[in-house]
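Structure first, then comments.
Numbering (our numbering), first residue to last: 35 to 373.
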């Protein structure tokens, strides 16, 4: 049998180059050999300040990018987290067996608490428990992650392990599948590409918008004049170039070190390669966006398929924790009087 993959992403709207290189293209490849479940985790998005008016649009834009990139809703389940309410039920049960100390040591919690000191809420502390419920509800065995997320998945494995020890073998321990490109540095040259940080390149941007963004990129910090020899090994533009033209990268490095090409020239070449690579994606995205109601139909169908798995899992879980209700017979009613 094929292994089951689960991966979820917060609905941040249109996806950027870092999302594609670090996750989405891996999602597409996994479909060939695995049973894949891809979820827009909208409940997770509520753990930090959000705009309700933007949430629905952000979900649609993200799914549009996923579909345009090659995620096939006929081969994979694509759905929105909140549309399968069993996940909150399992989250509650997991929260009963997860020590608070486990959650307070999570690096992402500490980071978010510093970022949003006025919004350190229960949901933020329990974020990893909900993440575990996402994975375990569908009994996924493989979770594609970047190197920076391996620690979070290990916590999910601990929670699953604890449940199995207390109530008997129920869930498989999910295994990480490291992405081919663990981290994509943004245009600022040193931080992970992120929309929040504003150092990103949107996949759906126009060719000219892409070019303008890349021309703002930070390059070789040691190169001050056009005539100075470059240091491609320390230049993020050169690093990004490797994702799109690994063969031509060697020539770029040679010309850079010889000062035959300047930083602006390198940026122009990168913009050209990025636009060439994204042209088919952008064409497919426009076609899908023009199909009225298509994204909503994909999510509706995905939720139905996901819920069938979720119901089966929760029937087993409720029985094991002692909350099964199907053994309790409803009271008989006769002539309007309960006996």
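Beta carbons: idealized from backbone N, C-alpha and C, even for Gly.
Everything numeric in this text was worked out from a predicted model, so none of it was measured.
DSSP places residue 248 in the uninterrupted alpha helix (DSSP H) bounded by 241-249. Note on geometry: alpha-carbon atoms of residue 250 and residue 221 lie some 7 Å from one another. Counting only runs of 4 or more residues that sit fully inside the region 280-368, the alpha helix (DSSP H) segments are 280-291, 297-323, 328-355, in chain order. Taken atom to atom, the span from the alpha-carbon of residue 61 to that of residue 304 is near 24 Å. Taking the CA atoms as reference points, residue 223 sits about 21 Å from residue 183.
Between the C-alpha atoms of residue 338 and residue 328 there is a straight-line separation of about 16 Å. Along the region 104-175, the beta strand (DSSP E) occurs as fully enclosed runs of 3 or more residues at 111-114, listed in sequence order.
Here the C-alpha atom of residue 302 lies approximately 14 Å from the C-alpha atom of residue 279. No Cβ-Cβ contact shorter than 9 Å links residue 116 with residue 160.
In the structure shown, residue 268 adopts helical secondary structure according to DSSP, grouped into three states. A direct Cα-to-Cα measurement between residue 152 and residue 82 gives close to 10 Å. Distance from the CA atom of residue 203 to the CA atom of residue 56, rounded to whole angstroms, is 33 Å. For residue 254, the number of other beta carbons within 10 angstroms of its own is at least 16, and it is reported as buried.
Taking the Cα of residue 331 as reference, the smallest distance to any Cα among 101, 196, 70 is reached at 101. Per the Cβ contact rule, the region 134-143 is not in contact with the region 79-99 (fewer than 3 Cβ pairs under 8 Å).
Under the three-state reduction of DSSP output, residue 95 falls in the helix class.
Counted as a single uninterrupted DSSP element, the beta strand (DSSP E) harbouring residue 71 occupies residues 69-74.
Rounded to the nearest whole angstrom, the C-alpha separation of residue 355 and residue 175 is 22 Å. Counted as a single uninterrupted DSSP element, the stretch harbouring residue 191 is not any beta strand (DSSP E) but the alpha helix (DSSP H) occupying residues 184-201.
In the three-state scheme derived from DSSP, where H, G and I count as helix and E and B as strand, residue 181 is classed as helix.
Exposure of residue 263 is indicated by the presence of fewer than 16 other C-beta atoms within 10 angstroms of its C-beta.
Collapsing the DSSP output to three states places residue 234 in coil. In the DSSP assignment, residue 62 falls within the alpha helix (DSSP H) that extends over 59-64. For residue 86, the three-state secondary structure derived from DSSP is helix.
The beta carbon of residue 272 is closer than 6 Å to those of 266 in its chain, skipping five residues each way along the sequence. Scanning its chain for C-beta atoms nearer than 6 Å, with the 5 sequence neighbours on each side dropped, one finds around residue 42 the residues 73, 75, 168, in chain order.
Counting only the Cα atoms, residue 311 lies some 14 Å from residue 319.
Take the alpha-carbon of residue 300 and the one of residue 243: they are about 17 Å apart. About 6 Å separates the CB atoms of residue 50 and residue 235; that is less than 8 Å, so the two are in contact. Among the bridge pairs identified by DSSP, residue 52 is matched with none.
Note on residue 53: 16 or more other CB atoms within 10 angstroms of its CB, so buried under the neighbour-count rule. Distance between residue 269 and residue 343, taken at the CA atoms: about 47 Å. Shown here, residue 212 sits in a strand according to DSSP, grouped into three states.
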